[in-house]
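Contents: one structure, followed by commentary.
In our numbering, the protein residues as written are 718 to 1001.
Written as structure tokens, this is what we have:
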């Protein structure tokens, strides 16, 4: 298949690109300033906001589907960042979806976050955003409903929990543990009772591949609006620290309760409908 991927230079995007490239013709939608050296794409489209030009490119290249990974993540926004959040997480997605419908692209896989469902009960789709970032992700899904109701494009969202794996340049909790193990300086953390869900990048990539197979198959008439990638195991932050200590044979210098929980701290991550379990519902 011919697949257009946005956000291909990010952590998830790089791993997904490498996994898909042997079997598909991939096209990267990038910004003028994007560094594509990590993926070395043969096919690139520099998007400057011209929807009609993008639609023409999709039609000429006969793009079958789109995987939308591009996003702007801000945990706690400043007023000056509101426009950037809207431009990156709403306007960009709607522009690409508008072009896709014009070009008769068959399907669109969107990327969401479990933070759209703040402390929701298990398997409940109750929307309650942790922050403005999560709200912007939900806003795009709401606007996408117009396109699915007025065209034949198939649309599904894959919501991600926390992810980890090799070649991750993001500063994550394991990085803090590694720094603490090296410096032994006191690390002030929250009380650490919150549950966390950490999915390895291989499981995330597999989730996208499952959805590609399902959404591109016309014999499968109906999918849910959204699925979730989950590790299948939720542990407390304290427990994660203990497991890190045991694995590396060391003691971390953590001051539990040295800082308060964040505002709207996620204590119980959203589970939703696991995409891996979904694959079993549609046997080959």
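Where is the CB? At the ideal position from N, CA and C, for every residue including glycine.
None of these values were measured; they are calculated from a predicted model.
- Selection 803, 827 and 794 evaluated against residue 814 yields 827 as nearest (Cα-Cα).
- Across the set 949, 945 and 873, the C-alpha of 873 shows the shortest separation from the C-alpha of residue 932.
- Under the three-state reduction of DSSP output, residue 791 falls in the coil class, being neither helix nor strand.
- Our two residues, residue 898 and residue 967, have alpha carbons roughly 7 angstroms apart in a direct line.
- A contact between stretches requires three or more CB pairs, one per stretch, nearer than 8 angstroms, and the segment 944-954 meets this requirement with the segment 903-916.
- With fewer than three CB-CB distances shorter than 8 angstroms, the segment 781-791 does not count as touching the segment 935-942.
- Per the coordinates, the alpha-carbon of residue 888 lies some 35 angstroms from the alpha-carbon of residue 780.
- Look at residue 912 here: in three-state DSSP terms it is strand.
- Around the CB of residue 901, fewer than 16 other CB atoms lie within 10 Å, so the residue is classed as exposed.
- Using a C-beta cut-off of 8 angstroms, the segment 804-819 makes contact with the segment 760-778, since at least three inter-stretch Cβ pairs fall below that distance.
- Between the segment 848-858 and the segment 877-894 there are fewer than three C-beta pairs closer than 8 angstroms, too few to call the two in contact.
- Positions of the beta strand (DSSP E) runs, each at least 3 residues long and wholly inside the segment 722-801, are given as 742-747, 760-763 and 782-785 in order along the chain.
- Counting along the chain, residue 906 sits inside the beta strand (DSSP E) bounded by residues 904-906.
- By the beta-carbon neighbour count (other beta carbons within 10 angstroms, threshold 16), residue 876 is buried.
- Here the alpha carbon of residue 851 sits roughly 10 angstroms from the alpha carbon of residue 802.
- DSSP links residue 943 through a beta bridge to 874.
- According to DSSP, residue 975 shares a beta bridge with no other residue.
- In the three-state reduction of the DSSP assignment, residue 835 falls in the coil class, being assigned neither a helical nor a strand state.
- Taken through DSSP and simplified to helix, strand or coil, residue 949 comes out as coil.
- A straight line joining the alpha-carbon of residue 976 with that of residue 910 spans about 13 angstroms.
- DSSP places residue 879 inside the beta strand (DSSP E), whose first and last residues are 879-881.
- For residue 728 and residue 829, the gap between their C-alpha atoms comes out near 15 angstroms.
- Sequence-distant partners of residue 982 (beyond 5 residues in either direction) whose C-beta falls short of 8 angstroms from its own C-beta, in its chain, are 907 and 911.
- Secondary structure at residue 848: coil, using DSSP grouped into helix, strand and coil.
- Residues 728 of the same chain have their beta carbon placed closer than 6 angstroms to that of residue 885, with the five preceding and five following residues left out of the count.
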